[in-house]
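For the sequence shown, the residue numbers in this note's numbering are 2 to 64. By construction, the Cβ of each residue, glycine as well, lies at the ideal position given by its N, Cα and C atoms. Notes for the one structure printed next.
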Amino acid sequence: MKGVDGYLNACGHFRTGILTSAITGVLLDKLVNNEPLPLDITPFLADRFEVKAEAQVKALELA
Ligand SMILES: Cc1cc2nc3c(=O)[nH]c(=O)nc-3n(C[C@H](O)[C@H](O)[C@H](O)COP(=O)(O)OP(=O)(O)OC[C@H]3O[C@@H](n4cnc5c(N)ncnc54)[C@H](O)[C@@H]3O)c2cc1C
């Protein structure tokens, strides 16, 4: 997680947490062992909300 070195958070699966548990396990294994990931996880990172919040603040400043 951004800003907290070594902290990994695998949650927020909503109604697909059982279905996606296997790929979540694979991704966590790769992250823990600093190995390349089989897919881009950027859209799922917690800081995506930060980017959205920054955009909203900018939009408010322009208004
Ligand atoms: C009604 C419903 C239907 C669903 N149907 C499906 C489905 O068909 N297919 C599918 O893929 N997914 C489904 N899901 C989603 C799936 O159940 C969840 O995504 C999955 O269980 C999440 O697993 P988890 O281990 O991350 O969290 P959880 O299963 O929520 O486990 C978290 C555990 O941590 C414990 N805990 C919380 N806080 C603390 C604390 N402070 N200290 C100690 N322990 C704590 C909780 O008691 C719980 O046992 C459904 C969910 C619901 C609610």
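If you run the structure through DSSP and keep just helix, strand and coil, what is residue i?
i: residue 53; result: helix
i: residue 21; result: coil
i: residue 44; result: helix
i: residue 31; result: helix
i: residue 5; result: coil
i: residue 38; result: coil
Of the residues the options, which one's Cα is nearest the Cα of residue i?
i: residue 43; options: 18, 6, 28; result: 28
i: residue 10; options: 63, 45, 19, 62; result: 45
i: residue 7; options: 64, 34, 17, 58; result: 34
i: residue 2; options: 58, 51, 16; result: 51
Evaluate contact between the region 36-56 and the region 9-28, counting only Cβ atoms and requiring at least three cross-stretch pairs below 8 angstroms. yes
Near ligand 1, which residues have their beta-carbon less than 6 angstroms from any of its heavy atoms, given in chain order? 12, 14, 16, 17, 18, 19, 20
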